[in-house]
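Visitor: Here the numbering used here is used: the first sequence runs in plain steps of one and ends on residue 949.
Using N, Cα and C, we set each Cβ at its ideal position, and we do this for glycine too.
Small disclaimer: the values here were computed from a predicted structure and weren't measured.
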Amino acid sequence: MTEQKIDAHGIQSSPSHRYDAGLANRIEKRWQQWWDEHQTYRTPDPGDADFDPDRPKFYCLDMFPYPSGAGLHVGHPEGYIGSDIISRYKRMAGFNVLHPMGFDAFGLPAEQYAVQTGVHPRVTTVKAIDNYRRQLKSFGFSYDWSRELATTDPDYYRWTQWIWLKAYGAFFDRKLGKARSIDQLRAELDSGARLVDGADWAAMEPSAQEEYIDSHRLAYLGFQTVNWCPKLGTVLANEEVIDGRSERGGFPVLRKPLRQWMFRITEYADRLLDDLQLLDWPESTRTMQREWIGRSEGASIEFPVGSDSLEVFTTRPDTLFGATYMVVAPEHPLVDRMLAEGGSNELRDYVMHARNRSDVDRMADSKEKTGVALGIDAINPATGRPIPVWTADYVLMGYGTGAIMAVPAHDERDHAFALAYQLPITRVVDGGGDLGQSACTGAGLVMASANEEISLDGLTTDEAKVSIIEWLEAGGMGRRHVNYKLRDWLFSRQRYWGEPFPIVYDSNGRHYPVSDAALPVTLPDLDDYEPIESDEPTPPLGKATAWVETTAGEAGVDPTILPPDTPVRRETNTMPGWAGSCWYYIRYCSPHAQDRFITPEAEKYWLLGDREEPSSSAAVPGEESFDLERFKIGGVDLYIGGAEHAVLHLLYARFWHKILFDLGEVSTPEPIDKLFHQGMITSFAYRRGDGSLVPIDEVEENEDGSHTETATGAAVEQIIAKMSKSLRNVVNPDDVVEEYGADTMRLYEMYMGPLEASAPWNTRDIVGVHRFLQRVWRLVVDEETGELRFSAAPDDDVERQLHRTIQKVGDDIERLAFNTAIASMIEFVNCATGTGVSAEQFDRFVRILAPFVPHFGEELWHRMGHEDSVACTDWPSFDESMLVDDLIEVPVQILGKLRSRISVPHDADESVMETAALADERIAELLEGKTVRKVVVVPGRLVNIVAN
RNA sequence: GGGCCCGUGGCGGAAUUGGUAGACGCGGCGGACUUAAAAUCCGCUGAGGGCAACCUCAUCUGGGUUCGAGUCCCAGCGGGCCCACCA
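Right under this line is the structure:
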């Protein structure tokens with residue numbers, strides 16, 4: 002290996018065996034190929050010949066990328082590098098490590114890109130995946146590529162459809178609090194079980210029975226108001242709508258009633274909420290999920306309106322006596338009825354205006370309270386007095402019942418509305434300020450709340466809640482009620498690039514499932530896959546007439562359900578992009594299984610692992626003595642990915658997992674044990690005095706570190722911003738790999754700061770870690786000859802430093818503190834430079850370095866004469882006694898101020914340290930004429946003398 | 001408006017349980033090597049003072065707890081993220 006070194010200026014330079022970008026790139030290519038050939042990172046499954054069942058498992062998962070045409074962003078690899086380091090470390094530490102990678106390839110962006118470029122999404126997706134795979138391999142990640150999957154593979158989405166059918170064929174048994182097969186429900190009803198709502202099953206028409214069954218499915222066809230985005234030509238889940246605009250693209254979203262496939266996720270609200278405390282997840286993410294589920298306790302109360310009644314949900318039933326009017330949402334059925342019965346022009350205008358306004362506009366002038374009286378009264382069940390019913394857009398149809406009792410004295414929104422329309426304000430809770438100014442929303446003592454049957458006066462608001470609910474329940478006017486913000490999950494999309502539903506309809510519009518054996522229902526190849534931008538949802542799959550119009554037999558419907566020659570139409574909606582990512586972590590465990598979505602053996606080993614059911618006697622989650630540290634929920638041991646998925650993907654995946662758990666298909670109640678969010682890689686940008694931003698290439702740095710805009714010479718301020726094309730501060734990982742090598746880039750990204758923190762990319766800093774690798778290289782490689790050279794006898798200081806470094810790096814990897822792990826390795830090399838290391842010492846050092854820079858580590862490992870991969874060796878051990886020096890230097894403080902240092906044996910006890918401190922010349926001098934009141938000694942750390 | 005997180009040198013950051021603030025890296029300054037430069041190696045690098053040993057100040061600001069506070073508590077200022085008319 003004697004290549005000529007030519008630098009950027011064409012000048013021959015540097016020794017031929019220097020670790021520079023050229024050499025790094027050659028080393029990296031060579032080892033990537035060698036790993037592929039030797040299947041170094043293949044992970045054996047239970048049952049495989051080379052599987053070692055005695056090793057504990059570690060399932061380390063990355064959020065798989067969505068392959069876009071742009072290729073990997075420099076922020077993508079950050080989490081992947083972290084998970085790769087810990088995977089390599091765990092493997093060396095004796096674990097069977099499952100570390101897979103795949104591609105989330107169905108969904109809107111791929112389709113939008115296809116529409117823009119006119120190239121079929123199948124083609125662009127394959128191309129994008131190839132590019133992503135190439136880039137991922139260029140970083141030397143230790144993925145078991147034999148497990149690679151894409152959600153667009155028919156072999157994969159076959160099981161996505163299968164899981165959906167499982168939910169279609171299941172219902173939520175509220176008594177047991179879990180899902181069961183809907184066939185069991187039918188069988189129990191047939192054998193005389195009573196319906197919850199008291200209806201007589203045996204007396205029902207067959208069609209009514211079917212309707213009843215259908216209305217209990219976990220995956221069901223629901224007619225509801227959904228988020229319709231005309232620009233995207235599809236409906237969206239609540240989670241995909243931000244401030245009235247689509248999460249993707251930011252287009253306006255309208256509310257529209259439609260018949261769509263839904264998931265009954267609301268049945269799981271309590272379990273999704275309660276089980277959050279079992280998870281070793283960032284508190285912020287658990288809080289977001291809690292808020293998204295939005296559980297509130299309160300009461301449901303009926304207000305008589307004529308012969309009918311109006312139901313409201315309230316968290317403040319204790320203020321019922323203060324309800325002086327009611328408000329319904331403009332979309333409320335009562336409003337429709339009033340309009341049908343005439344209604345004022347004012348009402349008509351208001352309702353039309355409110356309904357036609359998109360949610361965006363509705364929020365733009367929030368707080369500004371408007372409304373119109375319906376012209377009817379309801380009866381306050383507590384006071385017996387009539388109160389007017391209004392409609393106003395500050396009440397939302399999507400929450401509670403779409404109607405409220407307004408208590409202006411004790412609710413700010415009601416207060417503002419009452420002031421605007423001169424509605425009466427009646428105080429029923431003591432305390433607070435002037436009700437003419439603001440509402441009194443706090444707790445207090447209830448007053449002016451009594452009728453012939455009940456008095457709440459003098460009770461605390463908490464006590465009053467209990468009393469009034471008892472009274473309402475006794476009178477059949479209301480009941481305790483728990484309400485959730487969480488809505489059922491809209492699962493249909495009017496798009497081409499997604500999983501088809503395994504469902505067909507007969508001529509009466511009844512739906513039938515495709516049998517498991519007929520899966521997958523493959524997505525037909527359409528030339529014209531463009532979404533149809535319209536006011537009415539029109540799925541593009543409808544254009545595949547030959548595919549849509551078929552027979553029950555052709556589609557694979559069980560012949561005992563429907564005769565094979567029955568003409569049927571296929572469902573033309575597709576599943577949303579979230580579907581595939583809900584369960585991919587399961588498929589990785591046995592990606593090639595043909596007859597199961599996961600084999601029982603793989604499920605038991607990779608997901609269940611050594612998880613123990615929390616026994617009934619042990620502390621349970623929620624109790625103070627519960628120790629999350631020792632509690633393993635099973636599933637994925639470590640999941641690394643961005644915080645942007647805190648609600649959507651991570652809530653959906655938990656939901657699917659719980660369905661599969663209930664149905665006995667998986668054996669852990671949660672999919673992810675520990676979750677970690679990596680921070681964002683940002684970039685520097687520059688801001689003018691007027692606040693406008695300047696692209697990075699139009700700015701010059703001055704000698705004093707300040708910055709000026711090149712064109713104008715005006716001073717600009719350096720700020721931190723997201724990478725963006727317009728600021729021209731986007732970094733392409735391919736360029737960095739070419740310029741410094743992948744190992745340097747890996748090291749740089751890990752050295753930027755804590756993995757969970759955002760940090761700005763600073764190209765200038767990369768040379769620091771590159772120089773570190775060069776120093777390691779030079780420590781043992783002769784740059785002129787390429788020969789290795791070691792010191793014959795190990796140096797004692799270097800040896801101690803090595804033990805400390807081995808311990809620190811191991812600890813730091815365990816807590817994902819890669820930046821400080823690298824710093825300690827730099828310190829080791831600084832310590833060994835000049836002194837030199839023995840071959841045996843370097844053998845250990847290269848093993849702790851290799852997880853960070855695998856190609857570099859592998860190269861030196863093999864140069865040292867090893868035949869196998871450094872990835873398959875053991876993590877080196879350290880000796881406790883080597884961690885501390887015999888003599889340590891300890892600070893001596895007087896009144897907390899550092900005054901001197903003493904040298905004492907590392908295990909010196911308090912009296913020895915105190916004596917040594919007081920005997921110190923400088924200390925004795927400073928203490929002259931003072932009285933020592935107290936001496937604080939922290940063995941091994943410091944001495945603090947209190948004297949005056 | 002509500003919730004959560006965070007403010008440390010010129011810059012990225014370290015300080016794991018309250019115990020020597022600024023590890024490590026970048027940048028900067030000085031030196032060695034070199035005809036010269038690059039690369040490399042060595043030294044210095046929070047501010048102020050002193051010939052020096054050292055001293056004073058210093059972790060956004062102001063209080064507090066403590067022998068001792070970057071770390072804990074209270075108040076304020078600044079920044080980030082999330083939610084936001086949720087009854």
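Determine the extent of the beta strand (DSSP E) in which Y395 is found, giving its start and end residues.
Guide: Where Y395 is concerned, there is no enclosing beta strand (DSSP E), given that its DSSP letter is neither H nor E.
Visitor: Under a three-way DSSP split, which group does D628 fall into?
Guide: Per-residue confidence for D628 stands at a pLDDT of 48, beneath the threshold of 50, marking its modelled position as unreliable; the derived number appears in the next sentence. Reduced to three states, the DSSP call for D628 is coil.
Visitor: Which whole-angstrom value is the C-beta distance of K935 and V947, which I expect to be below 8 Å?
Guide: About 4 Å separates the two Cβ atoms, so the contact holds.
Visitor: Label A873 either buried or exposed according to how many other C-beta atoms from any shown protein chain fall within 10 Å of its C-beta, with 16 as the threshold for buried.
Guide: The question names Ala, but residue 873 in the sequence shown is Cys. Counting Cβ neighbours within 10 Å, C873 comes out exposed, since fewer than 16 surround it.
Visitor: Name the one or two DSSP bridge partners that N228 has.
Guide: According to DSSP, N228 bridges with L237, R256.
Visitor: Taking all protein chains shown into account, do 16 or more other C-beta atoms lie within 10 angstroms of the C-beta of G866, making it buried, or fewer, making it exposed?
Guide: Counting Cβ neighbours within 10 Å, G866 comes out exposed, since fewer than 16 surround it.
Visitor: Identify, in the order they occur along the chain, each residue of the same chain with its Cβ nearer than 7 Å to the Cβ of P577, setting aside the five sequence neighbours on each side.
Guide: Around P577: A238, F492, R494, G499.
Visitor: Please identify the residue among E534, G690, I470, N733 whose C-alpha is closest to the C-alpha of T713.
Guide: Selected option, being the one with the closest Cα: G690.
Visitor: Start and end of the alpha helix (DSSP H) containing C832?
Guide: Note, C832: alpha helix (DSSP H), 819–833.
Visitor: Could you name the residues of the same chain whose beta carbon sits closer than 8 Å to that of I377, not counting the 5 residues immediately before and after it, in chain order?
Guide: Once the five neighbours on either side are set aside, the close Cβ partners of I377 are V306, G307, M339, P389, V390.
Visitor: Where does L898 sit, in a helix, a strand or coil, going by DSSP?
Guide: As written in the sequence, residue 898 is Lys, which differs from the Leu given in the question. In this structure, K898 counts as strand in the three-state DSSP scheme.
Visitor: Per the contact definition of three or more C-beta pairs closer than 8 Å, is the stretch 65–73 in contact with the stretch 128–140?
Guide: Enough Cβ pairs lie closer than 8 Å, so yes.
Visitor: To the nearest angstrom, report how far apart G953 and W262 are at their CA atoms.
Guide: No answer is possible for residue 953: it lies beyond the span of the chain, which begins at 2 and ends at 949.
Visitor: Tell me where the alpha helix (DSSP H) around Q775 begins and ends.
Guide: Where Q775 is concerned, the enclosing alpha helix (DSSP H) stretches over 767–781.
Visitor: When the Cα atoms are used, what is the spatial distance from V549 to A519?
Guide: Spanning the two alpha carbons is a distance of roughly 16 Å.
Visitor: If you drop the 5 nearest sequence neighbours on each side, which residues of the same chain put their C-beta closer than 8 Å to that of V700?
Guide: The answer, listed in chain order, is Y687, H708, T709, E710, T711, V717.
Visitor: What's the call for P601, buried or exposed, on a 16-neighbour Cβ count within 10 Å?
Guide: So P601 ends up on the exposed side.
Visitor: Is H942 buried or exposed, if buried means 16 or more other CB atoms sit within 10 Å of its CB?
Guide: The question names His, but residue 942 is Arg in the sequence shown. Exposed is the call here.
Visitor: Which runs of the beta strand (DSSP E), 3 residues or longer, sit entirely within the stretch 624–681?
Guide: As far as the stretch 624–681 is concerned, its whole beta strand (DSSP E) runs of at least 3 residues are 637–642, 673–678.
Visitor: So, using beta-carbon positions, are E534 and P231 closer together than 9 Å?
Guide: Contact flag set, yes.
Visitor: For D281, write down the residues that DSSP places opposite it in a beta bridge.
Guide: Looking at the DSSP assignment, D281 forms a beta bridge with K675.
Visitor: I'd like to check one pair, Y221 with G269: are the Cβ atoms closer than 9 Å?
Guide: Going by the sequence as given, residue 269 is Tyr instead of Gly. Cβ distance not < 9 Å, so Y269 and Y221 don't count as in contact.
Visitor: In terms of DSSP beta bridges, what is N484 paired with?
Guide: BP columns for N484 point to S297.
Visitor: Classify P110 as helix, strand or coil using the three-state DSSP reduction.
Guide: Three-state DSSP puts P110 in a helix.
Visitor: For G665, count neighbouring Cβ atoms within 10 angstroms of its own Cβ and tell me buried if that reaches 16, exposed if not.
Guide: Result: exposed.
Visitor: Three or more beta-carbon pairs under 8 Å between the stretch 873–888 and the stretch 46–58, yes or no?
Guide: Contact between the stretch 873–888 and the stretch 46–58 is absent, because fewer than three Cβ pairs lie under 8 Å.
Visitor: Which one or two residues does DSSP pair with D174 in a beta bridge?
Guide: Beta-bridge pairing links D174 to K179.
Visitor: Work out the CA separation of E859 and V737 for me, nearest whole Å.
Guide: Whole-angstrom Cα-Cα distance: 21 Å.
Visitor: Less than 8 Å between the CB atoms is what I'm expecting for I562 and L219, so what's the real figure, rounded?
Guide: That pair is no contact at about 19 Å.
Visitor: Measure the CB-CB distance between F322 and V429 and report whether it falls below 9 Å.
Guide: For F322 and V429, yes; Cβs fall inside 9 Å.
Visitor: Could you compute how far the alpha carbon of D952 sits from the alpha carbon of I469?
Guide: What the structure shows of the chain is the stretch from 2 to 949, and residue 952 is not part of that stretch, so it cannot be assessed.
Visitor: Less than 9 Å between the C-beta atoms of K179 and T226, yes or no?
Guide: Result no, Cβ atoms of K179 and T226 do not sit closer than 9 Å.
Visitor: What's the call for P560, buried or exposed, on a 16-neighbour Cβ count within 10 Å?
Guide: When all chains shown are included, P560 counts as exposed.
Visitor: Using only CA atoms, which one of W584, C583, G581, T546 lies nearest to E572?
Guide: Among W584, C583, G581, T546, the Cα nearest to that of E572 belongs to T546.
Visitor: Can you tell me which of the three DSSP states I302 falls into?
Guide: The answer is strand: DSSP assigns I302 an E or B state.
Visitor: DSSP beta-bridge partners for S247?
Guide: S247 is bridged to V242.
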